[in-house]
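Add 22 to the 1-based position in the sequence shown for the numbering used here, that's all there is to it. Where is the CB? At the ideal position from N, CA and C, for every residue including glycine.
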Amino acid sequence: MKYPLTFSCFLIFIATFGQAKIDSLVKIGVKYHDEGRYDDAIRTYNEALLIDKNSPLVNYELSFTYFMKNDCEKSIEHADYAIQNGDEYLSMPAVITKGSCLDNLGKTEESIALFKNAIEKYKPNHLIYYNLGLDYYKISDYANAEDAFLKAIDLKDSHASSHLLLGYTMEKKQKKVQSLLPLFFFLILEPDTDRSKVAYEVLMKQFVGNVEKDKNKPNQINININSSSLGSEFSSAELMLSMMVATKSAKEIKGTADESFFVENTATFFKMLGEMKKENNEGVWWAYYIPLFDKIARSEHHETFINYISQSSNSNAKTWLEENNDKLNRFAEWFQNQY
23 MKYPLTFSCF LIFIATFGQA KIDSLVKIGV KYHDEGRYDD AIRTYNEALL IDKNSPLVNY
83 ELSFTYFMKN DCEKSIEHAD YAIQNGDEYL SMPAVITKGS CLDNLGKTEE SIALFKNAIE
143 KYKPNHLIYY NLGLDYYKIS DYANAEDAFL KAIDLKDSHA SSHLLLGYTM EKKQKKVQSL
203 LPLFFFLILE PDTDRSKVAY EVLMKQFVGN VEKDKNKPNQ INININSSSL GSEFSSAELM
263 LSMMVATKSA KEIKGTADES FFVENTATFF KMLGEMKKEN NEGVWWAYYI PLFDKIARSE
323 HHETFINYIS QSSNSNAKTW LEENNDKLNR FAEWFQNQY
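Okay, here's the thing in structure tokens:
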């Protein structure tokens, strides 16, 4: 015997069919978006909105595509739909998109308020903290930027951008050692991109920046220590680093520069930091960066490490890696066991 389809079952069928159609259109729209065909993606998403204008998924995808088109007003409009109607899975990326748009529109303080509200409302998320830190960095609030990037790293230590911006933030704060450590780590995660070239340049500037030859006395080396670093937990490390660089500069004056300076002196620098660590030392510097780099410096892989993080800007390093692929593979395997 056949039973008639009840009205409630009919509604369920219609809803299920509608969602399947939306999912299909979103899949097509995402493909267009990934190909850079933003207008086609928007047209496809708008077809999906005819089925359900409040769909959090469709509105988020529209918001993201409008963001990529630099149409921040439209992006914010659809982000608000996703934030209001979506679960946390969709609301969080919509918040990030909206916050980025607000910042692009010159409304950085509103963007900061949005991210701070999201931190209170949702479970901790590294991207929210990263974008909050980025906002603070742009308005030169480096203390709050540092705090946000540290929290992002604590939540996801493989997020390369958080290490990079932490390094830049500490450079702005004139904290040499605390700038070097995240920049070294960023170059492990992302060794050969356009960002890597800039990061490597900043790292090298930080590594040798306190030492210069006297213009009036060619055989004299001057060491400049920033007053803000005096008395800090890393002041002795910064002084030691400057002394090492000064020794290298003196060798250059005498014509006896050591080609392996960077390899040798980074190893000495990392080991020195490792020896400075005490049981009561806290924070990402002592608990995360320094133990790792100390291990690298005391391992057989330090030379490989230096060539690996230098490859974006040093052709000799790239050649070395090509000629020592077995060492690179051993370093990668060792690092995975440490990290």
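Notebook entry, point to check: So is proline 146 buried or exposed if we call it buried at 16+ other beta carbons inside 10 Å?
Noted result: Your numbering for residue 146 matches position 124 in the sequence shown. Exposed.
Quiz item: Apart from the five residues on each side of it in sequence, which residues of its chain come closer than 8 Å, Cβ to Cβ, to leucine 177?
Solution: Counted from its first residue, the sequence shown places residue 177 at position 155. Cβ within range, chain order: Pro146, Asn147, His148 and Tyr151.
task: Label serine 337 either buried or exposed according to how many other C-beta atoms from any shown protein chain fall within 10 Å of its C-beta, with 16 as the threshold for buried.
output: As a first step, residue 337 must be located in the sequence shown, where it is residue number 315. Exposed is the call here.
Subject >> Residue of Phe89, Leu47 and Arg217 minimising C-alpha distance to threonine 66 >> reply: Your numbering for residue 66 matches position 44 in the sequence shown. That would be Leu47, whose Cα lies nearest to the Cα of threonine 66.
Alpha carbon to alpha carbon, what distance is there between proline 213 and glutamine 333? In the sequence shown, the residue the question calls residue 333 occupies position 311. In the sequence shown, the residue the question calls residue 213 occupies position 191. Straight-line Cα distance between these residues: approximately 7 Å.
Could you give the C-beta distance for threonine 319 and asparagine 329, rounded to a whole number, given that I count them as a contact under 8 Å? For this step, residue 319 is matched to residue 297 along the sequence shown. For this step, residue 329 is matched to residue 307 along the sequence shown. Reading off the sequence shown, one finds alanine at residue 319, where the question assumed threonine. In fact, because the Cβ distance is near 14 Å, the residues do not count as touching under 8 Å.
Notebook entry, point to check: According to the Cβ coordinates, are lysine 22 and tyrosine 222 closer than 9 Å?
Noted result: No statement about residue 22 is possible, as the shown extent of the chain runs from 23 to 361 and does not include it.
(request) Taking the CB atoms as reference points, tell me whether alanine 182 and phenylalanine 208 lie closer together than 9 Å. (result) Your numbering for residue 182 matches position 160 in the sequence shown. Your numbering for residue 208 matches position 186 in the sequence shown. In contact: alanine 182 and phenylalanine 208 (Cβ atoms closer than 9 Å).
Discussion item. Could you tell me the alpha carbon to alpha carbon distance between alanine 140 and valine 117, rounded to whole angstroms?
Written reply: Here residue 140 refers to the residue found at position 118 of the sequence shown. Here residue 117 refers to the residue found at position 95 of the sequence shown. For alanine 140 and valine 117, the distance between alpha carbons rounds to 7 Å.
**Item:** Heavy atom of the ligand PLP within 8 Å of alanine 170 beta-carbon
**Value:** As presented, the structure is devoid of all ligands, the ligand PLP included, so that no description of it is given.
- Query: Just curious, the alpha helix (DSSP H) that aspartate 176 is in, first and last residue?
  - Reply: Translated into positions along the sequence shown, residue 176 becomes position 154. Residues 164-177.
Rounded separation between histidine 185 and methionine 192 - CA only:
In the sequence shown, counting from the first residue as 1, residue 185 sits at position 163. In the sequence shown, counting from the first residue as 1, residue 192 sits at position 170. Answer to the nearest angstrom: the Cα atoms are 11 Å apart.
_Using only the alpha-carbon positions, how far apart do asparagine 287 and asparagine 347 sit?_
Your numbering for residue 287 matches position 265 in the sequence shown. Your numbering for residue 347 matches position 325 in the sequence shown. Answer to the nearest angstrom: the Cα atoms are 24 Å apart.
What residue range does the alpha helix (DSSP H) around glutamate 142 cover? Against the sequence shown, residue 142 aligns to sequence position 120. Segment 130-143, the alpha helix (DSSP H) holding glutamate 142.
Over what stretch of residues does the alpha helix (DSSP H) that includes arginine 59 continue unbroken? Numbered from 1 along the sequence shown, position 37 holds the residue referred to as residue 59. Counting along the chain, arginine 59 falls outside any alpha helix (DSSP H), and DSSP gives it neither H nor E.
Quick one: using the 10 Å Cβ neighbour count with 16 as the cut-off for buried, is glutamine 360 buried or exposed?
Position 338 of the sequence shown, counting from 1, holds the residue named residue 360. That one is exposed.
Q. Where does asparagine 338 sit, in a helix, a strand or coil, going by DSSP?
A. As a position in the sequence shown, residue 338 is number 316, starting the count at 1. Here asparagine 338 sits in helix by DSSP.
### Start and end residues, alpha helix (DSSP H) containing threonine 215
Here residue 215 corresponds to residue number 193 of the sequence shown, with the count starting at 1. Where threonine 215 is concerned, there is no enclosing alpha helix (DSSP H), given that its DSSP letter is neither H nor E.
- request: Using 10 angstroms around the beta-carbon of glycine 121, count the other beta-carbons present and answer buried if the total reaches 16, otherwise exposed.
  value: Here residue 121 is taken as the residue at index 99 of the sequence shown, counted from 1. Glycine 121 is buried by the Cβ-count criterion.
In three-state terms, what does DSSP make of serine 321?
Locating residue 321 in the sequence shown gives position 299, counting from the first residue. In this structure, serine 321 counts as coil in the three-state DSSP scheme.
task: Kindly list the residues whose CB is nearer than 8 Å to the CB of histidine 55, restricted to its own chain and excluding five residues on each side of it in sequence; keep chain order.
output: Numbered from its first residue, the sequence shown carries residue 55 at position 33. Excluding positions up to five away in sequence, the list reads Ala63, Glu83, Phe86, Thr87 and Met90.
query: Residues in its own chain within less than 6 Å of serine 113 by CB, not counting five upstream and five downstream?
result: Numbered from its first residue, the sequence shown carries residue 113 at position 91. Cβ within range, chain order: Ile105.
- How would you label tyrosine 111, buried or exposed, when you count the other beta carbons within 10 angstroms and need 16 or more for buried? Stepping through the sequence shown from its first residue, residue 111 is reached at position 89. Tyrosine 111 comes out exposed.
- request: Could you name the residues of the same chain whose beta carbon sits closer than 8 Å to that of glutamate 259, not counting the 5 residues immediately before and after it, in chain order?
  value: Translated into positions along the sequence shown, residue 259 becomes position 237. Here residue 259 turns out to be alanine, not glutamate, going by the sequence shown. So the qualifying residues of the chain are Val199, Phe291, Met294, Leu295 and Met298.
To the nearest angstrom, how far is it from the Cα of glutamate 129 to the Cα of isoleucine 161?
-> Taking the sequence shown and counting its residues from 1, the one referred to as residue 129 is at position 107. Taking the sequence shown and counting its residues from 1, the one referred to as residue 161 is at position 139. Correcting the residue type first, residue 129 is lysine in the shown sequence and not glutamate. Approximately 11 Å, taken between the alpha carbons.
*asked:* Rounded to whole angstroms, what is the Cα-Cα separation between leucine 205 and asparagine 68?
replied: As a position in the sequence shown, residue 205 is number 183, starting the count at 1. As a position in the sequence shown, residue 68 is number 46, starting the count at 1. Computed Cα separation, rounded: 43 Å.
Close beta carbons around leucine 343, own chain, < 7 Å, minus the five adjacent residues each side: For the purposes of this step, residue 343 is taken as the residue at position 321 of the sequence shown. If we look at leucine 343 and ignore the five residues flanking it on each side, its Cβ neighbours are Asn329, Tyr330, Gln333 and Leu350.
Please classify asparagine 326 as buried or exposed, where buried requires at least 16 other C-beta atoms within 10 Å of its C-beta. Locating residue 326 in the sequence shown gives position 304, counting from the first residue. Note that residue 326 is threonine in the sequence shown here, rather than asparagine. Answer is buried; the Cβ neighbour count reaches 16.
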